[in-house]
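Participant: Have a look at the structure that comes next, please.
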Amino acid sequence: MADDALAELARAILVVRQDRRRDLPPELFGGELAYELLLLLFIADSHGRRLTGRTALEGVGGQAQTGRRWIEYLTREGLIIGDGDGNLDDTLTLTPRALNALERWLTDAGTTLNPAPGVTAPSQ
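Residue numbers (numbering that gives the first Met the number 0): 0 to 123.
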């Protein structure tokens, strides 16, 4: 199960990403549906919930046709467990590989956003 603090950071990232669509053209932010699906599944995991592909897509504002392709891709890449054919009524679960990768990335993101006193955040 995902760490609560990391799940809260993932939730905040999703909210900020969705909020930017209010003031800027949404077309600027296309192409990251798979990433948003992974974040949403990470949050659901932290609460002990499982989402279907349909529910997950509704949660991130994704379209069914595009979502099916990304669900199939994420399954092939070993990041989610479903049945792999893009059935939106299948329950989706993050694999241990995806959970570990998201936990590492969110931990690093949290450190970058909130460095410890006296510590300079890493520059890119």
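In this text, a Cβ means the ideal position worked out from N, Cα and C, and glycines have one as well.
Since the structure is predicted, the reported quantities are computational estimates derived from the model, not experimental observations.
Does DSSP put residue 90 in a helix, a strand or coil?
Facilitator: strand
Participant: I'd like the list of long-range same chain contacts for residue 40, defined as Cβ closer than 7 Å, with 5 residues on each side in sequence excluded.
Facilitator: 50, 55, 79, 91 and 93
Participant: Tell me which residues share the same chain as residue 43 and place their Cβ nearer than 7 Å to its Cβ, disregarding the 5 neighbours each side in the sequence.
Facilitator: 49 and 50
Participant: Quick one: using the 10 Å Cβ neighbour count with 16 as the cut-off for buried, is residue 35 buried or exposed?
Facilitator: buried
Participant: So for residue 23, helix, strand or coil by DSSP?
Facilitator: coil
Participant: Based on Cα-Cα distance, which residue from 45, 60 and 20 lies nearest to residue 8?
Facilitator: 45
Participant: Compare the C-alpha of residue 72 against each of 11, 98, 47 and 37 and name the closest.
Facilitator: 37
Participant: Can you list, in chain order, the residues of its chain with a C-beta nearer than 7 Å to that of residue 0? Leave out the 5 residues immediately preceding and following it.
Facilitator: Caution applies to residue 0, whose pLDDT of 49 falls short of 50 and renders its modelled position unreliable; the value that the coordinates give is listed next. Excluding positions up to five away in sequence, the list reads 44, 45 and 47.
Participant: Any contact between the segment 3-19 and the segment 98-115? By contact I mean 3 or more CB pairs, one from each, below 8 Å.
Facilitator: With the rule of 3 Cβ pairs closer than 8 Å, the segment 3-19 counts as touching the segment 98-115.
Participant: Is it true that the CB of residue 52 sits closer than 8 Å to the CB of residue 81?
Facilitator: yes
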